[in-house]
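Following our numbering, the numbering of the sequence shown begins with 88 at its first residue and continues without gaps. One structure is given below, encoded as structure tokens.
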Amino acid sequence: MKVTINNKKIEVDDNAILEDVIKKYFKEKNIVAAHVDDAPRDLSDLVTNNSIIEPITTDDKDGLDILRHTCAHIFGHAIKQIYPEVKMVIGPVIENGFYYDILSKNPITEKDLLLIENRMRKLAKKNYSIKREVVSKDKAISIFKDRKEPYKIELLKEINEEEIIAVYHHEEYVDMCRGPHLTNTKHIKAFKLMKTSGSYWKGNSENQALTRIYGTAWPDTDSQDAYLKSLDEAEKRDHRLLGKKLDLFHFQEESPGMVFWHDKGWTVFNLIKDFITHHLRKNSYKIINTPQILDKSLWKKSGHLDKFGDLIFDVGSEKKEFAIKPMSCPGHIQVFNQGLKSYKDLPLKYAEFGVVHRNEPSGTLHGLLRIRAFTQDDAHIFCTSDQIEHEISLLINDIKSIYERFGFNDLKIELSTRPEKRVGSEEIWDKAESSLKKALESNKIDFTVNPGDGAFYGPKIDFSLRDSLGRVWQLGTIQLDFSMPGRLDASYIDSDGNKEVPVMIHRAILGSLERFVGILIEHYSGNLPLWLSPVQVILLNITDTQREYTSSLNEQLQGLGLRSECDLSNEKIGYKIRNHAMTRVPYMIIIGDKELQSKTVSVRDRAGNDLGTMSTEKFSELIKKEID
88 MKVTINNKKI EVDDNAILED VIKKYFKEKN IVAAHVDDAP RDLSDLVTNN
138 SIIEPITTDD KDGLDILRHT CAHIFGHAIK QIYPEVKMVI GPVIENGFYY
188 DILSKNPITE KDLLLIENRM RKLAKKNYSI KREVVSKDKA ISIFKDRKEP
238 YKIELLKEIN EEEIIAVYHH EEYVDMCRGP HLTNTKHIKA FKLMKTSGSY
288 WKGNSENQAL TRIYGTAWPD TDSQDAYLKS LDEAEKRDHR LLGKKLDLFH
338 FQEESPGMVF WHDKGWTVFN LIKDFITHHL RKNSYKIINT PQILDKSLWK
388 KSGHLDKFGD LIFDVGSEKK EFAIKPMSCP GHIQVFNQGL KSYKDLPLKY
438 AEFGVVHRNE PSGTLHGLLR IRAFTQDDAH IFCTSDQIEH EISLLINDIK
488 SIYERFGFND LKIELSTRPE KRVGSEEIWD KAESSLKKAL ESNKIDFTVN
538 PGDGAFYGPK IDFSLRDSLG RVWQLGTIQL DFSMPGRLDA SYIDSDGNKE
588 VPVMIHRAIL GSLERFVGIL IEHYSGNLPL WLSPVQVILL NITDTQREYT
638 SSLNEQLQGL GLRSECDLSN EKIGYKIRNH AMTRVPYMII IGDKELQSKT
688 VSVRDRAGND LGTMSTEKFS ELIKKEID
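Spelled out as structure tokens, the structure:
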């Protein structure tokens with residue numbers, strides 16, 4: 088039997104297993120599985136004739152996922168030894184780790200997590216073999232009936248008869264999974280159980296309440312320590328804590344998932360909005376505003392009702408059914424449809440800071456990052472097919488320059504292709520995907536393909552940012568739509584006098600302004616750039632003698648367009664400095680008798696650096712130079 092390894096044909100024994108071949112032809116010590124014809128396989132699998140074999144190591148994403156998934160099984164092994172009555176549900180891999188949903192009669196506490204984790208370590212150190220067994224559906228059901236695992240049985244009953252079912256044996260513990268998994272626990276070096284939370288069977292709040300145990304797993308302790316350190320730093324930067332500390336916003340139960348903006352937070356919000364508005368005006372966008380509530384029939388016609396039905400807030404009036412808009416696309420088409428359009432009018436660009444509502448499940452809400460009412464920097468470009476590549480190129484460059492202004496230079500760009508649930512013909516999808524790919528390639532943009540993750544109406548280019556902690560945030564998107572304009576009767580007259588349907592480019596740069604504010608807060612740890620700081624300068628008098636001079640200086644700075652405030656309280660100057668340092672104000676001006684007599688200011692920055700004494704004019708020049 089022959090296989091291909093390192094682009095060479097190799098003769099191997101019949102009935103050879105992948106692990107034997109891997110050991111013989113590859114020197115890496117951290118190989119945990121193998122790609123066989125690009126599909127991941129357990130090392131215990133038999134080698135197939137004429138296959139192409141490549142190793143999977145813990146340095147690879149697939150290898151790390153395999154390690155983490157195996158760790159989830161070891162969690163199951165450990166908890167069933169300690170609490171045999173616990174019922175196992177599902178244990179998938181997630182970013183940086185895994186979780187396992189269980190049904191437990193008694194609450195799982197932090198003390199229990201440590202106990203379970205210690206048992207996992209004992210099991211991992213045994214270096215026992217993990218055995219994969221392919222079984223029939225009936226046998227699998229029988230196995231889990233004997234083990235009294237009702238949720239596994241229910242999952243099995245939903246599996247198609249032709250689907251391969253594999254169970255993994257961890258000594259006396261058995262779990263099921265598509266795999267692959269490690270063949271031995273020796274690769275499990277670093278893991279930690281992190282926290283517990285609530286969940287529901289199949290994510291439905293009407294079903295059985297479950298306990299979810301989160302864990303993390305890494306190839307080595309150094310990687311895990313670095314991750315835990317980053318978590319600690321992220322916790323310090325949590326925008327929800329800083330939002331309260333810096334008096335930016337708050338949430339409350341009377342309006343779940345909706346923001347109560349305070350003056351300083353609303354200032355930041357509008358500074359961002361004003362910056363984007365300037366960009367829109369400069370690039371010939373028409374800024375519009377569309378209704379919050381539209382007849383349900385329009386959402387049905389656009390396809391949104393079928394796609395987002397569960398997330399749409401319903402309202403009724405005079406025996407009619409309406410929906411609060413979850414997005415702005417159909418409304419923009421209605422504006423386009425007013426009046427006859429010619430090819431000479433295209434491209435036509437509409438932009439809106441549209442407030443949209445989506446009925447996100449309460450368990451998914453997370454500060455500004457996941458909310459129910461948010462503002463999209465939404466825009467749509469109506470153009471001809473010949474204009475697509477040019478407009479996409481302009482958008483790509485615009486988006487990159489805007490991110491740079493906010494301090495984000497590390498970008499990840501993905502081309503997301505047709506999803507399973509979609510509208511439009513295959514011919515249209517072929518044309519749309521080809522257009523986006525061509526635009527990316529002609530601009531020499533590095534990108535990866537994300538199969539199946541496009542919007543229901545068209546493919547898209549997604550922009551993700553890496554923040555100061557190395558976390559990746561998906562923000563901007565460019566979506567090409569050949570379907571919705573036609574569904575909503577949009578048309579223009581071409582050069583031959585014929586009626587044609589325009590191409591519609593959906594574009595968002597920041598996505599949600601609320602979410603972007605949250606990301607900025609965490610990225611900068613509350614130390615927002617000077618141009619975005621709600622208060623740029625705080626003036627502090629030492630005694631009442633400088634009170635009048637301090638107030639007049641504040642008025643002078645405000646007259647120059649700076650966002651300044653003064654603290655004229657009777658507190659000691661040391662207390663004032665410490666207090667305002669905690670609010671992340673970029674500059675402090677301290678006024679004492681010396682400054683009063685010389686008509687100067689003593690300046691400190693928020694890092695604690697003493698910038699010395701200078702004239703008001705010099706300080707203004709310094710601060711304006713930094714803003715520019």
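Beta carbons: idealized from backbone N, C-alpha and C, even for Gly.
C-beta atoms of residue i and residue j nearer than 7 Å
{"i": "Asp497", "j": "Arg558", "result": "no"}
{"i": "Ile217", "j": "Thr298", "result": "no"}
{"i": "Leu133", "j": "Ile161", "result": "no"}
{"i": "Leu398", "j": "Pro417", "result": "no"}
{"i": "Met88", "j": "Asp107", "result": "no"}
{"i": "Leu600", "j": "Thr462", "result": "yes"}
{"i": "Gly454", "j": "Pro506", "result": "no"}
{"i": "Val123", "j": "Arg155", "result": "no"}
{"i": "Leu567", "j": "Gly539", "result": "no"}
{"i": "Ile489", "j": "Glu478", "result": "no"}
{"i": "Tyr301", "j": "His164", "result": "no"}
{"i": "Arg60", "j": "Val622", "result": "What is shown of the chain runs 88 to 715, which leaves residue 60 out entirely."}
{"i": "His444", "j": "Phe400", "result": "yes"}
Range of the contiguous alpha helix (DSSP H) that encloses residue i
{"i": "Lys239", "result": "237-244"}
{"i": "Asp692", "result": "Where Asp692 is concerned, there is no enclosing alpha helix (DSSP H), although the beta strand (DSSP E) it sits in stretches over 688-692."}
{"i": "Pro546", "result": "Element bounds for Pro546: n/a, residue is neither H nor E."}
{"i": "Asn94", "result": "Careful: Asn94 lies outside any alpha helix (DSSP H) and carries neither H nor E."}
{"i": "Asn666", "result": "660-668"}
Inter-residue spacing [alpha-carbon to alpha-carbon] between residue i and residue j
{"i": "His337", "j": "Met345", "result": "9 Å"}
{"i": "Ile177", "j": "Lys239", "result": "8 Å"}
{"i": "Trp288", "j": "Val422", "result": "44 Å"}
{"i": "Val173", "j": "Glu609", "result": "38 Å"}
{"i": "Gly661", "j": "Thr364", "result": "41 Å"}
{"i": "Glu293", "j": "Phe543", "result": "28 Å"}
{"i": "Phe550", "j": "Tyr636", "result": "49 Å"}
{"i": "Asp225", "j": "Leu597", "result": "51 Å"}
{"i": "Tyr314", "j": "Asp147", "result": "17 Å"}
{"i": "Lys244", "j": "Thr451", "result": "28 Å"}
{"i": "Glu704", "j": "Gln684", "result": "16 Å"}
{"i": "Leu647", "j": "Asn641", "result": "10 Å"}
{"i": "Lys213", "j": "Thr272", "result": "7 Å"}
{"i": "Glu491", "j": "His257", "result": "50 Å"}
{"i": "Pro267", "j": "Glu439", "result": "47 Å"}
{"i": "Glu408", "j": "His391", "result": "15 Å"}
{"i": "Glu249", "j": "Tyr255", "result": "19 Å"}
{"i": "Trp618", "j": "Ser429", "result": "42 Å"}
{"i": "Asp233", "j": "Lys282", "result": "30 Å"}
{"i": "Leu190", "j": "Asp199", "result": "15 Å"}
{"i": "Ala296", "j": "Leu381", "result": "36 Å"}
Terminal residues of the beta strand (DSSP E) in which residue i lies
{"i": "Cys470", "result": "460-470"}
{"i": "Glu652", "result": "651-654"}
{"i": "Glu501", "result": "498-503"}
{"i": "Met591", "result": "590-599"}
{"i": "Tyr437", "result": "435-444"}
{"i": "Arg219", "result": "217-222"}
{"i": "Pro127", "result": "126-128"}
{"i": "Phe51", "result": "Limits of the chain in this structure are 88 at one end and 715 at the other, which puts residue 51 out of reach."}
{"i": "Thr564", "result": "559-568"}
{"i": "Ser429", "result": "Element bounds for Ser429: n/a, residue is neither H nor E."}
Minimum C-alpha distance to residue i - residue among the options
{"i": "Ser570", "options": "Trp288, Val590, Gln561", "result": "Val590"}
{"i": "Pro673", "options": "Leu367, Lys663, Pro616, Ile660", "result": "Pro616"}
{"i": "Asp129", "options": "Ile625, Arg219, Met281, Leu333", "result": "Arg219"}
{"i": "Val90", "options": "Ala165, Pro127, Thr135, Glu439", "result": "Thr135"}
{"i": "Ile629", "options": "Asn657, Leu640, Glu652", "result": "Asn657"}
{"i": "Leu367", "options": "Asp485, Arg459, His349", "result": "Asp485"}
{"i": "Asn537", "options": "Ile548, Ser529, Asp350", "result": "Ile548"}
{"i": "Asn93", "options": "Ser138, Ala120, Pro127", "result": "Ser138"}
{"i": "Lys686", "options": "Asp692, Pro171, Thr700, Lys96", "result": "Thr700"}
{"i": "Thr354", "options": "Ser638, Asp715, Ser620, Phe706", "result": "Ser620"}
{"i": "Ile118", "options": "Lys95, Ser689, Asp152, Glu98", "result": "Asp152"}
{"i": "Met175", "options": "Thr145, Met207, Thr157, Asp262", "result": "Asp262"}
{"i": "Pro194", "options": "Pro127, Gly285, Lys167, Ala159", "result": "Gly285"}
Cβ distance (whole Å) where residue i is taken to contact residue j below 8 Å
{"i": "Gly441", "j": "Thr535", "result": "Wrong, their Cβ atoms sit about 30 Å apart, outside the cutoff."}
{"i": "Lys508", "j": "Glu476", "result": "Rounded, the Cβ-Cβ distance is 28 Å, inconsistent with contact."}
{"i": "Gly613", "j": "Leu318", "result": "Incorrect: roughly 18 Å between the Cβ atoms, too far for contact."}
{"i": "Val221", "j": "Ile246", "result": "With a Cβ gap of about 13 Å, Val221 and Ile246 do not count as contacting."}
{"i": "Ile203", "j": "Ile143", "result": "The Cβ separation is near 28 Å, so there is no contact."}
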